[in-house]
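Visitor: First, the structure itself, so that you have it in front of you.
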Amino acid sequence: MRRLFGPWRLERTAIREVYMSPPTALNPLRVNVLAEENMPWTFYTEHPYDVLECLDRLGYPVRKAK
């Protein structure tokens, strides 16, 4: 229910991993954030590499692309 009513914030200490999902025809580019207890969050963006680079500089655990 917290997803519907908020608060909509993720504490940095609760973030386990940040990664980009591969694009598909039905799903545009998106950045996924995996929080504690495997609670996933998805953020749609036109510039996922910029978002990942910024989060990496801020100290978030960003998974590097293979």
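Just so we're aligned, residue 9 is where the sequence shown starts under my numbering, counting upward by one.
From the three backbone atoms N, C-alpha and C, an ideal C-beta is built for every residue, glycine too.
1. In the structure shown, what three-state DSSP assignment does TYR57 receive?
2. Name the one or two DSSP bridge partners that PRO48 has.
3. Which residue's Cα is closest to the Cα of GLU19: MET28, TYR52 and LEU42?
4. Comparing alpha-carbon positions, which option in TRP49, THR50, ALA33 and ARG38 lies nearest ASP58?
5. Assuming VAL26 contacts LEU63 (C-beta within less than 8 Å), just tell me the rounded distance between them.
Guide: In short:
1. By one-based count along the sequence shown, residue 57 stands at place 49. Helix.
2. Residue numbering aside, residue 48 sits at position 40 when the sequence shown is read from its first letter. Under DSSP, PRO48 takes part in a beta bridge, and its partners are LEU42.
3. Locating residue 19 in the sequence shown gives position 11, counting from the first residue. The residue with the shortest Cα to Cα distance from GLU19 is LEU42.
4. Within the sequence shown, residue 58 is the residue found at index 50, counting from 1. The candidate whose alpha carbon is nearest that of ASP58 is ARG38.
5. Numbered from 1 along the sequence shown, position 18 holds the residue referred to as residue 26. Numbered from 1 along the sequence shown, position 55 holds the residue referred to as residue 63. Taking the Cβ atoms as the reference, VAL26 lies roughly 5 Å from LEU63, within the contact range of under 8 Å.
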